[in-house]
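Chemist:
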Amino acid sequence: MNFCFCLIPIPRYFIYPSDLNHPTPYVISLALCTLGSICSAEMSRDLAGEVERLIRSSNAYIKKKAALCAFQIIRKVPDLMEMFIPCTRSLLTEKNHGVLLATICLIQEMCERSPDTLNYFRKQLVPTLVRTLKNLIMTGYSPDHDVNKISDPFLQVKILRLMRVLGHGDKTASEAMNDILAQVATNTETSKNVGHAILYEIVLTIMGIESDPGLRVLAVNILGRFLLNTDKDIRYVALNTLLRVVHADSKAVQRHRLTILDCLKDPDVSIQRRAIDLCFALTNHTNVCAMVKELLLYLESCDNEFKGDVCSNISIAAEKYAPNKRWHIDTMMRLLTTAGNYARDDVVSSLVSLISQNPNLHTYAVVQLFSAMNGAMTQQPLVQVACWTIGEYGDLLVTPEPSEDNPNPVTESELITILQRALVNVTSTVQTKQMIINTLVKLTTRFTPTHLEKLKELIKFYSTNVNLELQQRSVEYSKICLQPMNIRSGLLDCMPVVPTNALSGTSNPDNLSHATDENNGIEIADLNTAAGSILSVSGSTNHSQSLTIFDLLGPESESDPQKVSQNATNNHSDTGANLLDLLDVFAPSGTLVPTNNQNSLKFPSDLFGAKNGFDTSINQPAPQPSLLDFNFVNDSSSGLINQVSSVPSITIYNSNEIKIVFNFEPHPTVIEGRFNIITIQLVATTTSLQPINSFEFQAAVPKSCQLQIFPPSSNIILCGPSSTPLTQVLKLSVPPKVRPRMKIRLQFTKNCETKTDELQLDEFPSVLWQ
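In this text, residue positions in the sequence shown follow the UniProt record's numbering: the first is 1, and each later residue adds one.
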């Protein structure tokens with residue numbers, strides 16, 4: 001027999017009042033649970049009064065369920081919060097632990113959603129919470145609540161979390177908590193995981209409030225004891241927590257540096273990863289030599305998946321904290337030798353820049369790099385730096401007389417032989433071969449004429465190669481060699497000093513080539529990563545993610561990547577900017593831009609400044625102050641736009657404990673009456689007790705507008721009231737009298753969980769576009 005069931009929608013709205021007044025507590029409980037789970041905003045508004053009445057019930061079981069239902073209602077309708085404030089305070093005097101747990105959850109939710117409610121409860125509840133927590137740790141054995149001889153650890157954890165919220169940024173409330181926190185930290189049994197859970201919350205609470213310095217040291221020492229635990233999970237929690245609190249009290253964490261370094265030897269890769277991050281966070285001017293030494297030893301034996309990140313981070317640490325330039329060069333060369341082919345292009349660029357900026361170390365650097373290259377021909381990053389240095393300063397390597405930096409000079413023939421070996425080596429990449437050819441053509445002006453024919457022969461070696469770039473260089477450089485010496489010497493002279501920002505910018509793990517003109521903010525990017533009229537230089541975005549920005553605008557966005565690429569090129573040509581392919585030793589070749597010899601800025605990664613009748617340069621206007629200068633972009637604390645702006649700032653995002661504000665330049669720039677250029681400074685801060693990692697801002701605008709996104713000051717939003725906020729500069733081009741619109745996508749990692757949020761921004765200050 002077949003039955004046909006018909007689902008008839010019953011208006012549950014009319015059933016709830018009778019259920020909430022039922023004489024049986026369990027029916028009331030079931031109704032409260034259902035209401036909290038599936039209620040709509042309208043139902044919540046109509047039945048909130050019934051829930052508030054049940055919170056005052058004499059039955060503890062109903063009180064608990066009503067408090068949890070109120071918790072869910074406030075999440076859905078925050079406006080109803082004020083209704084529950086009067087009745088919640090009295091619930092904290094209850095003896096029933098279930099009621100206390102539900103009440104604390106409710107109060108914490110209200111405090112996190114309303115600053116006014118937070119201030120109210122901060123004044124009223126701190127003494128009550130302190131007294132409740134003290135009673136918990138002082139009471140004797142209670143079989144209903146004790147877990148491994150610890151009185152109700154669940155309630156203790158909830159109280160500590162609420163204390164952390166109430167004490168954050170308030171010295172008065174924090175002082176009232178100091179004694180009880182110290183008492184709990186010293187009296188909690190640590191033989192079981194229950195005790196570890198409470199101590200973990202104690203540490204987070206101490207570091208999250210305005211606690212005494214001695215209490216902070218106690219919290220860090222607790223984490224230090226965790227590091228010695230045999231349980232891997234506890235060691236991981238300790239490392240992760242130390243990484244979160246290291247910015248709050250770095251000196252206290254430094255005392256456990258040796259224990260943290262020992263964690264690098266742990267077989268668990270997750271512990272290694274956290275230990276690596278913590279080691280770099282602890283590196284400073286006083287311990288950089290010891291830390292880098294240990295990290296280089298770790299680099300020799302670590303998994304290949306870690307080598308690229310470790311190598312780049314050691315390079316950054318050495319650049320920031322090096323005691324002297326010679327130590328810096330020695331460290332970078334050892335780094336390239338140890339990391340081998342896992343070293344990224346940012347490390348190569350950093351060492352090239354370092355050598356260029358220190359003329360007194362040119363001889364030492366070229367001698368050491370030549371010796372290292374001779375013994376490690378298969379390590380491409382090392383060979384690339386050595387070839388660049390030999391091409392620039394090869395004459396210092398073949399001096400006739402020994403010196404302190406060059407005790408055993410090599411002959412020109414020996415040097416040419418080594419370069420020939422590298423040129424035909426089967427492990428040499430195309431990029432390395434390009435650099436060797438560059439080196440050979442430069443040596444034609446640095447060596448005696450007796451070796452000119454040999455150099456010409458090597459330069460012509462790839463003149464028939466199937467690789468277009470190699471063939472083109474080989475043929476064109478052969479033509480250069482036919483020119484008189486006075487022409488070649490000027491053309492192949494040493495490069496000017498390489499600016500640090502030109503090469504050692506934001507680390508790009510995908511080795512995508514990005515550059516920006518520091519004077520006028522013109523962005524140079526690989527055309528393949530252009531998306532619509534959006535130009536992004538975010539170092540953390542890979543190529544596969546770059547085209548996902550089309551999804552932001554939906555039907556209004558360009559759907560054809562080739563058309564988008566063409567539009568992006570045309571738009572920038574109109575404003576006097578060119579999308580260039582530098583054709584340098586660090587980036588692949590592509591479309592050339594016709595030469596403009598006047599007022600051109602030579603990029604350091606082009607060894608010669610000219611190629612094939614084209615100049616790898618861009619038009620440079622007369623120097624003038626610009627809010628888009630890199631010195632401004634990377635100075636997250638400058639706040640220049642805020643200081644001079646008469647345009648009101650707008651808060652575009654305030655969720656997930658992240659606040660993002662747009663500050664505007666007071667007077668938009670007008671280009672030929674076609675576009676208003678609006679300069680925006682993005683300022684991102686967090687109220688979280690831990691930093692927000694891997695932060696990435698993406699935006700899309702309608703086809704009538706254009707948008708440039710410059711590199712952020714960091715990809716980490718630091719926590720704490722005194723922390724430097726993350727800043728990023730945007731340049732929005734809008735036709736006159738057109739209201740700007742922007743669709744935004746935010747990606748970030750919070751509590752080891754990657755999150756994505758999208759929003760639509762339609763309200764820009766009218767003074768910017770009208």
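C-beta: ideal position from N, C-alpha, C; glycine also.
Remember, predicted model here, so these are calculated numbers, not experimental data.
1) Tell me whether K325 sits in a helix, a strand or coil according to DSSP, three-state version.
2) Please state the DSSP three-state secondary structure of I716.
3) Helix, strand or coil for A531? Go by DSSP, reduced to three states.
4) Would you be able to state if there are at least three C-beta pairs under 8 Å between the region 262–281 and the region 226–244?
5) When DSSP builds the beta bridges, which residues end up paired with K659?
6) Between A318 and chain B, is there a C-beta pair that is closer than 8 Å?
7) If residue 773 sits next to L299, beta carbons under 8 Å apart, how far is it from one beta carbon to the other, in whole angstroms?
8) Tell me R745's beta-bridge partners as DSSP assigns them.
9) H168 and G208: beta carbons closer than 8 Å?
10) Rounding to the nearest angstrom, what Cα-Cα distance links E319 and A372 in this structure?
11) So which of N751, M742 and P666 has the shortest CA-CA distance to Q698?
12) Can you name the start and end residues of the beta strand (DSSP E) that P361 belongs to?
13) Output the distance between the C-alpha atoms of R745 and A700, rounded to the nearest integer angstrom.
14) What first and last residue would you give for the beta strand (DSSP E) that runs through K731?
15) Suppose the cutoff is 7 Å on Cβ atoms and the five residues either side in sequence are ignored; what does the same chain contact list for S312 look like?
16) May I have the straight-line CA-CA distance separating P449 from R488, to the nearest angstrom?
17) Assess contact between the region 175–194 and the region 142–152, defined as three or more Cβ pairs (one per stretch) separated by less than 8 Å. Is contact present?
18) Given N570, which residues of its chain have a CB within under 7 Å of its CB, disregarding the five upstream and five downstream residues?
19) Tell me V217's beta-bridge partners as DSSP assigns them.
20) Got a sec? Which residues, its chain only, sit under 7 Å from N240 by beta carbon, not counting five neighbours each side?
21) Please classify residue 774: does DSSP put it in a helix, a strand, or coil?
22) Between which two residues does the beta strand (DSSP E) harbouring Q272 extend?
23) Do you know offhand how far L35's Cα is from K76's?
24) Could you say which of F695, I680 and N676 lies nearest to N656 if we only look at CA atoms?
25) Please look up how many angstroms separate the CB atoms of S704 and P725, rounded, as I've assumed it's under 8 Å.
26) Between the C-alpha atoms of I717 and N284, what's the straight-line distance to the nearest angstrom?
27) Counting C-beta neighbours from all protein chains within 10 Å, is the total for L136 16 or more, i.e. buried, or is it exposed?
28) Quick one: give me the first and last residue of the beta strand (DSSP E) that I709 is part of.
29) If you compare alpha carbons, which of T93, N96, A102 and S58 is closest to C33?
30) Which full runs of the alpha helix (DSSP H) of 4+ residues lie inside the region 130–214, going along the chain?
31) For K703, does the three-state DSSP call read helix, strand or coil?
32) In terms of DSSP beta bridges, what is F664 paired with?
33) Check whether the Cβ atoms of Q728 and F710 sit closer than 8 Å, and answer yes or no.
34) According to DSSP, simplified to helix, strand and coil, what is K750?
35) Do V51 and I73 have their beta-carbon atoms positioned less than 8 Å apart in this structure?
36) At a cut of 8 Å, does the region 179–187 reach the region 195–202 through at least three beta carbon pairs?
Modeler: In short:
1) helix
2) coil
3) Residue placement at A531 is flagged as unreliable, the pLDDT there being 34, under the threshold of 50; a coordinate-derived value is accordingly withheld.
4) yes
5) N654 and T685
6) Of the protein chains in this structure there is only one, and it is not chain B.
7) Outside the shown range of the chain, which is 1 to 770, sits residue 773, and nothing can be said about it.
8) Q698 and E758
9) The Cβ atoms of H168 and G208 lie closer than 8 Å to each other.
10) 21 Å
11) M742
12) Reading off the sequence, residue 361 comes out as Leu, not Pro. Looking at the DSSP string, L361 is not in any beta strand (DSSP E), and its letter there is neither H nor E.
13) 9 Å
14) Element bounds for K731: L726 to V734.
15) Only R344, D346, V347 and S507 meet the Cβ criterion.
16) 13 Å
17) They touch, by the three-pair rule.
18) The predicted position of N570 is uncertain, since its pLDDT is 43 and thus under 50; no value can be drawn from it.
19) BP columns for V217 are empty, so no partner.
20) In chain order, R274 place their CB closer than 7 Å to the CB of N240, counting only its own chain and leaving out the 5 sequence neighbours on each side.
21) Any question about residue 774 goes unanswered here, given that the chain covers just 1 to 770.
22) Not the beta strand (DSSP E): Q272 falls in the alpha helix (DSSP H), residues V269 to L282.
23) Distance between the alpha carbons of L35 and K76: 12 Å.
24) F695
25) Not really, about 32 Å apart at Cβ, beyond 8 Å.
26) 20 Å
27) Note on L136: 16 or more other CB atoms within 10 angstroms of its CB, so buried under the neighbour-count rule.
28) Q706 to I709
29) That would be A102, whose Cα lies nearest to the Cα of C33.
30) 153–167, 171–187 and 193–208
31) coil
32) Beta-bridge pairing links F664 to I680.
33) yes
34) strand
35) yes
36) yes
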